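Peer 1: When you number the sequence shown by the working numbering, it's gap-free, plus one each residue, and the end is 170. Ideal Cβ positions, reconstructed from N, Cα and C, are used throughout, including at glycine. All figures in this text were calculated on a predicted structure; none of them were measured in a lab. Sending over a structure as structure tokens; questions will come in a sec.
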Amino acid sequence: MNELNNNEERIMRIFWRLEKALVRDILDELPDPKPPYTTLASSIKLLQKKGYLDYKAYGTTHQYFPLISQAEYSKKSVNQLVKHYFEGSVGNFLSFMVKENKISDKEIEDLQKMINDMDKPTDS
Numbered sequence: 047m048n049e050l051n052n053n054e055e056r057i058m059r060i061f062w063r064l065e066k067a068l069v070r071d072i073l074d075e076l077p078d079p080k081p082p083y084t085t086l087a088s089s090i091k092l093l094q095k096k097g098y099l100d101y102k103a104y105g106t107t108h109q110y111f112p113l114i115s116q117a118e119y120s121k122k123s124v125n126q127l128v129k130h131y132f133e134g135s136v137g138n139f140l141s142f143m144v145k146e147n148k149i150s151d152k153e154i155e156d157l158q159k160m161i162n163d164m165d166k167p168t169d170s
């Protein structure tokens, strides 16, 4: 899966929210100043070539829809972030988040509970 630039991510977030859309639907959702229609259409076609979107043709009109879920993309992005910036260590990533005050005490408690729950044997 190729990485997306900021503009492509913004377009994909709209597709994930709408689930399917025409180019003009995406254009309507973008903030001002809006890109030209043809520029947006080219970006959407590139997303299709990268494997993020597909379309259903209605004559000459294409209705696009995501092939990759937002959850799948988020997982891949976080894994890449950890791999490239934290030496592949989730511990280093979490340590950074705690030190930067990007994670609350409640979130730390929730994470600890998830870890504890994972360590419990399941009844099989």
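#1: Using 10 angstroms around the beta-carbon of Y110, count the other beta-carbons present and answer buried if the total reaches 16, otherwise exposed.
#2: Around the Cβ of V136, are there at least 16 other Cβ atoms within 10 angstroms (buried) or fewer (exposed)?
#3: State the DSSP-derived secondary structure class of D78, mapped to helix, strand or coil.
#4: Measuring straight from C-alpha to C-alpha, what distance separates T84 and K166?
#5: Ignore the nearest five residues each way along the sequence and tell me which others in N48's own chain have a CB closer than 7 Å to its CB.
Peer 2: A quick look at the data gives this:
#1: Counting from one through the sequence shown, the residue named residue 110 turns up at place 64. Y110 should be labelled buried.
#2: As a working mapping, residue 136 is identified with position 90 in the sequence shown. Under this definition V136 is an exposed residue.
#3: Here residue 78 refers to the residue found at position 32 of the sequence shown. In the displayed model, D78 falls within coil according to three-state DSSP, outside both helix and strand.
#4: Counted from its first residue, the sequence shown places residue 84 at position 38. Counted from its first residue, the sequence shown places residue 166 at position 120. Answer to the nearest angstrom: the Cα atoms are 55 Å apart.
#5: As a first step, residue 48 must be located in the sequence shown, where it is residue number 2. Closer than 7 Å at the Cβ level, and outside the excluded window around N48, lie K96.
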